[in-house]
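To start, the structure under review is shown below, and the notes come after it.
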Amino acid sequence: MKKLFITIVSLSILFMSCKGGDKSEKATKDTTKEVEDKTVTAICLLDKLSIRETPSAKGKWITSMSLGEKVMFTEEETTDAASKKVYYKVKLTDGKEGWTRATFLAVNGTVGAMLEEASVYKRPDLLTKTDKKYSVMDIIAVTENKGDWMKVKGRRTEGEYIEEGWIKSSNISNDEIDIATAKFARSAMSKSTMTERIKALEEVINNQDLSSSKFINVLKSKIEDYKAKNVAIDVNDVKVEEAK
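This is the structure we're talking about:
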């Protein structure tokens, strides 16, 4: 009977220990999740945005960020005494850390790409329409939602600076394939010659990883447009040569 009593007590202690272990493990997971939930992210609004060791334009270059890339904002910020520009410290997905210009980041934003041309409003009100527009495939960061409106931050194709404004949410895609396609397409269309643009755009539409993008047909039309312009340029060149 004594041995039976000892065995029962031992099993009870083992059971309580396991139960306590489960609680401890759950508490650890909950703490980890809480830390992850509190992580502050930011969206890069400028392609090839530099990250430097120190918060200064003269700081040693570490690497660069891509337009639309999501990074972690460490919540450290400072102002460069010389330039009076504000810098944020960020951490990339590969673990690299450094300082970058605050102007070109959207803290707590989500990245998106414009599905079509969209008017910009000062406030989420149709009466506040401006003469500014975002173009198809412009990449922006959404910083606030209000009904069927979204507050966005980014540089318009026709703009020179990072701007903020409100647009209708139906104009934005947050699909990562659409965003990547828009990014590569914008780069392709910035090439110096029509021939280079056509070749770069063909590489985009032939990339199987991007084949489901909503922008593929837009890019095919753009290629045809460039080809037609290329033919016109060639014809004009021939006429000039013949006239000599």
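Going by my numbering, 196 is the number at position 143 of the sequence shown; the sequence numbering is gapless.
Glycine included, every Cβ here is placed at the ideal spot set by N, Cα and C.
Beta carbon of arginine 176, beta carbon of tryptophan 219: below 8 Å? Position 123 of the sequence shown, counting from 1, holds the residue named residue 176. Position 166 of the sequence shown, counting from 1, holds the residue named residue 219. Their beta carbons are under 8 Å apart, which means arginine 176 touches tryptophan 219 by this criterion.
Taking the straight line between their C-alpha atoms, what separation do you get for serine 274 and aspartate 147? One-based indexing of the sequence shown puts residue 274 at position 221. One-based indexing of the sequence shown puts residue 147 at position 94. The alpha-carbon of serine 274 is positioned some 37 Å away from that of aspartate 147.
Are the CB atoms of valine 164 and tyrosine 187 nearer to each other than 8 Å? Mapped onto the sequence shown, residue 164 falls at position 111. Mapped onto the sequence shown, residue 187 falls at position 134. Judged by beta-carbon spacing, tyrosine 187 lies beyond the 8 Å limit of valine 164, meaning their Cβ atoms are not closer than that value.
Look at the Cβ atom of alanine 241, then the Cβ atom of phenylalanine 268, and state whether they are nearer than 8 Å. Within the sequence shown, numbered from 1, the residue matching residue 241 stands at position 188. Within the sequence shown, numbered from 1, the residue matching residue 268 stands at position 215. With a cutoff of 8 Å on beta-carbon distance, alanine 241 and phenylalanine 268 are scored as not near each other.
Determine the extent of the alpha helix (DSSP H) in which aspartate 231 is found, giving its start and end residues. Numbered from 1 along the sequence shown, position 178 holds the residue referred to as residue 231. Per DSSP, aspartate 231 belongs to the alpha helix (DSSP H) from 229-241.
Are there any heavy atoms of the ligand GDP lying less than 7 Å away from the beta-carbon of aspartate 100, as far as the coordinates show? In the structure shown, the ligand GDP is absent, as is every other ligand, since no ligand is present at all.
Lysine 306 versus Glu197, Asp231, Arg154 and Val284, residue with shortest Cα-Cα distance: Nothing can be reported for residue 306, as the shown portion of the chain is limited to 54 through 297.
Taking leucine 102 as part of the beta strand (DSSP E), name the residues at either end of that continuous run. Looking up residue 102 in the sequence shown gives position 49. Annotation: the continuous beta strand (DSSP E) that includes leucine 102 extends over 102-105.
Paired residues, beta bridge with glycine 151 - DSSP: Translated into positions along the sequence shown, residue 151 becomes position 98. DSSP lists Val143 as partners of glycine 151.
Can you give me the Cβ contacts of serine 245 inside the same chain, cut-off strictly under 7 Å, excluding the 5 residues immediately before and after it? The residue you call residue 245 lines up with position 192 of the sequence shown. There are no such residues.
Cβ-based neighbour list, lysine 182, same chain, cut-off 6 Å, excluding 5 preceding and 5 following: Here residue 182 refers to the residue found at position 129 of the sequence shown. Excluding residues within five positions, the ones whose Cβ falls inside 6 Å are Ser172 and Tyr174.
Quick one: what's valine 124 bridged to in DSSP? Within the sequence shown, the letter at position 71 stands for residue 124. Partner(s): Ala95.
Do you know how far the Cα of isoleucine 192 is from the Cα of glutamate 169? Position 116 of the sequence shown, counted from the first residue, corresponds to residue 169. Position 139 of the sequence shown, counted from the first residue, corresponds to residue 192. Taking the straight line from one Cα to the other gives about 12 Å.
At which residues does the beta strand (DSSP E) containing lysine 138 begin and terminate? Taking the first residue of the sequence shown as 1, we reach residue 138 at position 85. Unbroken run through lysine 138: none, as it is neither H nor E.
What is the DSSP secondary structure of serine 214, reduced to helix, strand or coil? For the purposes of this step, residue 214 is identified with residue 161 of the sequence shown, where counting begins at 1. Inspection of the sequence shows that residue 214 is occupied by tyrosine rather than by serine. For tyrosine 214, the secondary structure class from DSSP, reduced to helix, strand or coil, is coil.
Assuming tryptophan 152 and isoleucine 96 form a contact by the criterion Cβ under 8 Å, report the distance between their Cβ atoms to the nearest whole angstrom. Taking the first residue of the sequence shown as position 1, residue 152 is located at position 99. Taking the first residue of the sequence shown as position 1, residue 96 is located at position 43. By a beta-carbon distance limit of 8 Å, tryptophan 152 does not contact isoleucine 96. Their separation comes to about 17 Å.
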